[in-house]
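Step one of this worksheet: look at the structure below.
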Amino acid sequence: MSEIFQSEIIISEISNLLRNDRHVAIGAASPIPGSAALLAEEERKNSDSKLKVTILHSQKFNNFTDGSRELFDASAQGRIDTFFLGGVQIDGEANINLVGTGHYPKLNKRFSGSFGSALMYFVVPKIILFREEHSPRTLVKKVDFISAPGISPPNVYRPGGPKYLITNKALFSFNAKDKNFKIEKINPEFTLDEVIKSTGFEFKTNENLKYFTMPSQKRIDILRNLIAPKVLNFYPQFAKKLWFN
Amino acid sequence: MSEIFQSEIIISEISNLLRNDRHVAIGAASPIPGSAALLAEEERKNSDSKLKVTILHSQKFNNFTDGSRELFDASAQGRIDTFFLGGVQIDGEANINLVGTGHYPKLNKRFSGSFGSALMYFVVPKIILFREEHSPRTLVKKVDFISAPGISPPNVYRPGGPKYLITNKALFSFNAKDKNFKIEKINPEFTLDEVIKSTGFEFKTNENLKYFTMPSQKRIDILRNLIAPKVLNFYPQFAKKLWFN
Amino acid sequence: MVNFTQITVKEIAKEVKDNCLLGIPADYSGVPMSVTIEIIKNNTKGLRLYCLPLTTIQGDMLIGAGCVSEIETAAVTLGEYGQAPRFQDAVENSKIKIKDSTCPALHAQLQATEKSVPFMPLRGILGSDLYKNRNDWSVINNPMNSKTNDEKIVILPAVQLDILIFHASKADINGNVQIGRRRELATLAHASKKVFVTVEEIVDEDFFDCELKAAATLSSLYVDGISLARNGAWPCGLTNCYEIDSNEMSKYAKSAKYQETFDEYMRNFIARNYYSNI
Amino acid sequence: MVNFTQITVKEIAKEVKDNCLLGIPADYSGVPMSVTIEIIKNNTKGLRLYCLPLTTIQGDMLIGAGCVSEIETAAVTLGEYGQAPRFQDAVENSKIKIKDSTCPALHAQLQATEKSVPFMPLRGILGSDLYKNRNDWSVINNPMNSKTNDEKIVILPAVQLDILIFHASKADINGNVQIGRRRELATLAHASKKVFVTVEEIVDEDFFDCELKAAATLSSLYVDGISLARNGAWPCGLTNCYEIDSNEMSKYAKSAKYQETFDEYMRNFIARNYYSNI
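Chains as they are written, first to last, in the working numbering: chain A, 1 to 245; chain B, 1 to 245; chain C, 1 to 278; chain D, 1 to 278.
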């Protein structure tokens, strides 16, 4: 039980990104971000700067009482600090594609759809892009379909946008002014060269490039003993596979 | 207890106007329309065409669960057949003034305000104007302030509007095309000439002019035994004065 | 005896006419699976689905069964059970028209109808390919911005549904429906010409007699008919009543991969009498 | 011990700064009279009241005490106790600025802020003198009307409140507030920068542990501080807790007719310690 899973390392890394947040919301199909947010909440439980976590697919961790529009309203009001978005494809300007590959509308491969991304990406200050698979087919030069754009011209209301991209190989930050990603951390199981080769877009390298941090035993204990049972409630398939198999 | 009060006759007359309605809503400070609606509901309780009554200032008779905006939303959706509006002044083109007399904004006499009239008057198919006092100072040639206009040009969305005006002296119908009121019924305690003299605007007379109908003993019994105790709950001052003094 | 129009699941399904605009609740809002099966049995055609804001097995089944001509949605997905295979196939092979949207836009278009205004403004969306593919959406200059007057903002049309069907845990004897925190069901109902509800049980009380229950209620004012349908959301879950049926969802996800296996799955599925009081 | 910021009525009143835009709940939504008295004691000036959609004794008192510079409302009235005398006097003698509105417009302006859109369209209003006297409202051609394109429609600006204070029956140990069916309080809270609540009691539970209670709750997410204030709405009523105090309202209605008698009434009113836990 002392072996640390890759997913746990990513959960731990994401958790670190939530340090200064007051309220994190977790949308559909996001078990890893959800676990990370609950971990951050647990670790700050007895501190002065508590973290509120809203997990839409949970009953217990859902603070909303105004129906499913409240996530979007609350986000537009600036009441949510961090939200996660994924992507079938993500490109170098942080455009995200949740719709499919090929020529729209007659796609080669259709995926589920854009969900709330076309508003959330504009209004939540810290959007963390999360895509476990890091390959030239997920991180592309240009997305086939823009569900939500990474950057907007000045005549578009945009208090929010992409701040980070995390995959199983690396953590990037995004700079909206320069319109590009910069690598911040790398999974020690890969070399920078391997990351470059598996990324379809160019990104800025980093003199201070760090490795993913191994979670402490204390954090792993919290994660497995306190967080995993909670996650089992609303992402049962994920939790069973990782922790309860 | 066999003497019938003037207010009861008006309640009975209003109740007759609700005959074909499915849903009547009662707004602020409307004890007489509220009593009339509950009377109509009671009398149709065992028929096939039931009447639903929403009384905003009641807990029990309020069917709304979406906060105080639901009255306006439901009305705009066409879900309310009849609503009542009053007026400090009402003029011959059915413009209503709920704001005050004199030159706005520095009025001689300020009243409470326009409430929801500036939407309700446009969207509810049958608006019944109700003003107990029938005098040249309430029924005027031209209102000092238009809280809501009686008629609108064709480029304004207006499925609703005024259909009746009832006072302690008479019942009028309103014709939006001709832009005027026509007298339909008269309180037998007054002559037509007296009504004309106490009305500040001109109205169409009626060859078939009828008298206010005396409520039957059965109706009076229902009103006093079944409706009055309900009204006591949400218009206590009114109910005490009329029925429980 | 109840004081509302109590009808059967079959009768509700008959109210869903060919080509109508049908409101579809999300997987967490009470999926009316019992009526969905009857719609499929009726071989209803040309349905236009309006999802608030997404659909799961319900939409995928209707599409696979050939009942759907168009879908407006923010997503179709089986959630933890993967992509929605019949939806994917239908889009990839142009069998249905897709109006790709985003959750808040689907909410706002119904809120416009709720207020009977012709449109709603919404931030975001600009620069997305969603916008490019929606000729019913437009962009205007923000009319409130006196300073610069060049902020662009999207406006969305009011959408009125022909019919809404959802499943809930309880109705009372006067036809009021308990929706709890699922207030998107109220928005859907306010914006729909007709509303039918299936429920797990009808209880002998009036929810308006208790303020707490009243707060969790959709008034009978908005409901045209109610049917009892025990397990009416199965294999989807229903808040506080039952969980999603993992085995059945996995089985569906696998079977729906190909039209042939989907068809076979549906033959069995329809034959099962899994809900009562139809 | 509670898991939220528990403060006093006096501390809440101190958060109401001179010249701020203060949200005012209707007579049926939990009138925060205890805080109102403290605001008057603080001699706060220049308040701009935004009523959703009307105010009663709370607004009239604040106006009579000279705390108010402006009021945006659909009505000021003492209900069955008659007109609001200090409001009437202030308008008739131009002591305050009045922005006469209509209920649905007051709702829509806050809903715009709730969605963070710059404006909301609303039907009605056209042809009224309300419109003529509101230079913050405009008219546009309905941009959705492709057929005739000459329908006029009013657009209203988003309004964000600086601070909202209301009174409720209960808060739980995590700072969630029970608002029941009074959902206009949620709209007010969503549209306000700061929100403070006074309650009759704090209960040792979490409303989110029960779906029915959750449906009647405003989440602590929107609440900056809560104070206990027994009888905090008096002399107004509070749903399911106490009725309006008829004697006191009649007394107020009579006293408020003249500034001198109002001032005397207020001296006595302030001196009374009618609510606890300030």
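Glycine residues also receive a C-beta, built at the ideal position from the N, C-alpha and C atoms.
Residues near residue i by beta carbon distance below 8 Å, same chain, minus five either side
i, result
"D/G59", "I24, L49, C51, V68, I71, T73, V76, A84, F87"
"D/T187", "L52, H107, L110, Q111, E114"
"C/Y265", "K251, Y252, S255, A256"
"C/F119", "A112, I155, L156, P157, A158"
"C/I39", "A13, V16, L47, L62, C67"
CA-to-CA distance, residue j to residue i, given in whole angstroms
i, j, result
"A/L226", "C/R183", "31 Å"
"C/A191", "C/L22", "11 Å"
"C/E211", "B/S58", "12 Å"
"A/L51", "C/T198", "39 Å"
"A/S112", "C/I63", "14 Å"
"D/I278", "D/F166", "Summary for D/I278: the model assigns pLDDT 44, below 50, so the residue's position carries little reliability, and this model does not support an answer."
"D/G79", "B/Q6", "23 Å"
"A/P159", "B/K241", "59 Å"
"B/I196", "C/L122", "54 Å"
"C/I270", "C/C236", "16 Å"
"B/L18", "B/L56", "18 Å"
Own chain partners of residue i with C-beta closer than 7 Å, once the 5 adjacent residues on each side are dropped
i, result
"D/C241", "S169, E200"
"A/S147", "I96, N97, L98, V99, S114, S117, A118"
"C/K152", "L126, V139, N141"
"B/D81", "D21, R22, H23, V24, P125, K126"
"B/S216", "none"
Sequence-distant residues of its chain with Cβ nearer than 6 Å to residue i (five each side left out)
i, result
"A/K109", "G100, T101"
"D/G180", "A216"
"D/K213", "F207"
"A/F212", "I9, E13, K185, N187"
"D/K194", "I163, D224"
"A/A94", "G150, P162, F174"
"A/M1", "Because the pLDDT at A/M1 is just 48, under 50, the model does not fix this residue reliably, and the value given afterwards should be weighed accordingly. So the list is empty, once near-sequence residues are dropped."
Under 8 Å between C-beta atoms of residue i and residue j
i, j, result
"D/E205", "B/L107", "no"
"B/K182", "B/N175", "yes"
"C/N42", "C/A13", "yes"
"C/V2", "C/I173", "yes"
"D/S219", "A/F61", "no"
"B/E132", "B/N180", "no"
"B/G92", "B/K45", "no"
"A/Y104", "A/L129", "no"
"B/F72", "D/D129", "no"
"C/Y28", "C/M249", "no"
"B/V123", "B/A76", "yes"
"B/L192", "B/L209", "yes"
Outcome for residue i when other beta-carbon atoms lying within 10 angstroms are tallied against a minimum of 16
i, result
"A/G34", "buried"
"C/E260", "exposed"
"C/A233", "buried"
"C/S227", "buried"
"A/T205", "exposed"
"C/D89", "buried"
"C/Y258", "exposed"
"C/T55", "buried"
"D/N176", "buried"
"D/K132", "exposed"
"A/K177", "exposed"
Any non-hydrogen atom of the ligand GTP within 7 Å of residue i CB
i, result
"C/S69", "For the structure depicted, the ligand GTP is absent and the ligand set is empty, with no information on it obtainable."
Checklist entry - Of all the alpha helix (DSSP H) runs that stay within the bounds of the region 90-163 of chain C, which reach a length of 4 or more residues? => result Here the runs fully enclosed are 103-114, 129-132.
Checklist entry - What beta strand (DSSP E) runs, 3 residues minimum, are completely inside the region 21-87 of chain B? => result DSSP runs (the beta strand (DSSP E)) wholly in the region 21-87 of chain B: 23-26, 52-55, 82-85.
Checklist entry - For the region 194-229 of chain A, which segments carrying the alpha helix (DSSP H) assignment without a break, of at least 4 residues, lie completely within its bounds, in sequence order? => result Whole alpha helix (DSSP H) segments, 4+ residues: 217-222.
Checklist entry - Closer than 9 Å, Cβ to any Cβ of chain E: which residues of the region 218-235 of chain C, in chain order? => result Included in the structure are the protein chains A, B, C and D, with no chain E among them.
Checklist entry - Mind pulling the alpha helix (DSSP H) runs of 4 or more residues that sit fully within the region 187-238 of chain C? => result With a minimum length of 4 residues, the continuous alpha helix (DSSP H) runs that stay inside the region 187-238 of chain C are 211-215.
Checklist entry - Which ranges would you report for the beta strand (DSSP E) in the region 17-79 of chain C if only whole runs of at least 3 residues count? => result Whole beta strand (DSSP E) segments, 3+ residues: 21-25, 47-52, 68-73.
Next on the checklist: Runs of 3 residues minimum, wholly inside the region 107-163 of chain B: which ones carry the beta strand (DSSP E) assignment?
Outcome noted: Taking only runs of at least 3 residues, the beta strand (DSSP E) segments lying wholly in the region 107-163 of chain B are 107-110, 126-130.
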